[in-house]
Amino acid sequence: MNKIHNWSRGIRYCLIVTLSCATLNAQQRKEIRPKQFVSLVHMTGDRDFVYYALSEKNKTTIEVEGPGKLIVFNRARLEENERFSQPYYLKYIRNGQLIQSKTVGPQAISKKVKYKGKLKGTPSKADKEVIKIPPGKHQLSFFKHKARHNAHVRFVFEAQEKLDWKEIQSVNALERVGIQHSASGKHKEYFRIDSNRKFQFTATGQKKIRVYIRGDFNYRMHAQNVIRLVLLKDGIEEATYKLTCRRSQTVEFVNEKKLIPGTLRKVYIEIENTTTPHQYELYLKDTSKSALIRVALGNDPVKPI
């Protein structure tokens, strides 16, 4: 009797664990409905799906908050005599400036999914493209490019656990600059960098660097300020990030009278996750400009045992 009782308890425990995991996965993975789209395309298979028609001119725009990965399911509409789709480009613009494209297809005709309603033709099998989304809020606008077929997309976002961020200071002496928010009066401290003054630090085991950066404006600069942030690793240039800032309307310097802080820009940098320490430096490529930065290192959150 005890054996039967223990066995049934074990079964119940397994079911609870399985259901908990399924609930967790369902919470982390969700369907994304675009904020702007051309038209809806309804399909059915083992269940019903809603896709969104792609256009070469009109955008299909979604908003997501990372970190995580965006899974884009692509299908082309094939006519009765077609068995494979012709390749085309899925073009997308991230945050209004970063333009990228991925090749979609060729894909065979789907034997499991069909259109609902009066739409003619048959959908192709789904082509799955995965786009990594860094931390923070992001807007992505999608188009088709050089497509012979009608093309449709569906978006699923798979969230990842947010990193634990720890702000760090530069190991070398840098000017500390205080800014305050005009509305709340809240103060923040930044470090000023330029082409000679570099933010230097050592990192090991971390997966990401987060840089908050504001370009400095003088009173003669009324439009935008383009700055180039350089990352050195062990003395070797790893990357250059081109950023466009505008004069901030919401923050001001606490003591500085000659300059005006720019709007906040965020840069997330993936670094090698090793036990060997590496030396990093951040500075501006532009010799006549300066900027304010705050730097944080990110680790995966520690899970309770």
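Start counting at 1 in the sequence shown, then tack on 110, and there's your number in my numbering. From the three backbone atoms N, C-alpha and C, an ideal C-beta is built for every residue, glycine too.
Helix, strand or coil at residue i [DSSP, three-state]
i, result
"LEU402", "strand"
"ALA269", "strand"
"GLY408", "strand"
"ILE381", "coil"
"GLY227", "coil"
"LEU374", "coil"
"THR154", "strand"
"GLN359", "coil"
"ASP237", "strand"
"ASN335", "strand"
"PRO387", "coil"
"SER195", "coil"
"LYS242", "strand"
"LYS367", "coil"
"GLN249", "strand"
Presumed contact (8 Å Cβ cut-off) between residue i and residue j, rounded CB distance
i, j, result
"VAL182", "LEU200", "7 Å"
"ASP274", "ASN184", "Not confirmed; about 35 Å, so no contact."
"LYS254", "GLU166", "6 Å"
"ASP344", "HIS388", "6 Å"
"TYR202", "ILE303", "Not quite, the Cβ-Cβ distance comes to about 32 Å (not below 8 Å), so this is no contact."
"ALA261", "ALA186", "5 Å"
"HIS291", "THR373", "Not a contact, Cβ separation roughly 13 Å."
"ASN335", "CYS355", "5 Å"
"PHE301", "ILE403", "6 Å"
"GLN210", "SER234", "At roughly 22 Å, the Cβ-Cβ gap does not stay under 8 Å, so GLN210 and SER234 are not in contact."
"HIS152", "GLY227", "6 Å"
"THR350", "LYS276", "Between LYS276 and THR350 the Cβ distance is about 25 Å, and since that is not below 8 Å, they are no contact."
Spatially closest choice to residue i from the options, by CA coordinates
i, options, result
"LEU407", "ARG375, LYS395, GLY315 and THR373", "GLY315"
"GLU271", "GLY325, ILE243, ILE172 and GLN310", "ILE243"
"ILE219", "GLU382, VAL405 and PHE194", "PHE194"
"LEU353", "GLY227, ILE323, ASP237 and GLU382", "ILE323"
"ILE142", "PRO216, LYS179, ARG320 and ALA293", "LYS179"
"GLY206", "ALA283, LEU341, GLN279 and HIS248", "HIS248"
"TYR378", "THR386, ASP156 and VAL405", "VAL405"
"VAL223", "THR154, LYS238, ILE346 and ILE172", "THR154"
"ILE346", "GLU391, SER358 and GLU362", "GLU391"
"MET331", "SER358, PRO177, PHE311 and PHE159", "SER358"
"ALA269", "ARG338, GLY176, ALA333 and LEU284", "GLY176"
"LYS140", "VAL266, SER280 and ASN306", "VAL266"
"LEU342", "ALA333, THR312, LYS367 and LEU164", "THR312"
"ARG307", "GLU299, LEU339, LYS318 and ALA333", "LEU339"
N-terminal and C-terminal residue of the beta strand (DSSP E) that residue i is part of
i, result
"TYR329", "TYR329 -> no beta strand (DSSP E), and no H or E assigned at all."
"GLY315", "Unbroken run through GLY315: none, as it is neither H nor E."
"ASP274", "274 to 278"
"THR354", "346 to 356"
"LYS201", "198 to 204"
"PHE159", "158 to 163"
"ARG187", "170 to 188"
"THR397", "Counting along the chain, THR397 falls outside any beta strand (DSSP E), and DSSP gives it neither H nor E."
"HIS259", "Run containing HIS259: none; DSSP gives neither H nor E here."
"GLU299", "297 to 303"
"GLY288", "286 to 291"
"ILE142", "139 to 142"
"SER211", "208 to 214"
Residue i, buried or exposed, once every other Cβ within 10 Å from all chains shown has been counted against 16
i, result
"LEU150", "exposed"
"TYR162", "buried"
"HIS72", "The shown model of the chain, from 111 to 415, leaves out residue 72, and the question about it has no answer."
"LYS230", "exposed"
"VAL240", "exposed"
"LEU188", "buried"
"VAL287", "buried"
"VAL263", "buried"
"SER320", "Residue 320 is actually Arg in this sequence, not Ser. It counts as buried."
"SER400", "buried"
"GLU382", "exposed"
"ALA136", "Bear in mind that the predicted position of ALA136 carries a pLDDT of just 40, short of 50, making it unreliable; the figure below should be weighed with that in mind. Exposed."
"LEU208", "exposed"
"ILE370", "buried"
"GLY215", "buried"
"THR170", "buried"
"ARG157", "exposed"
"THR213", "exposed"
"LYS318", "buried"
C-beta neighbour in chain C for residue i, strict 7 Å
i, result
"LYS226", "The structure shown contains no chain C, having only a single protein chain."
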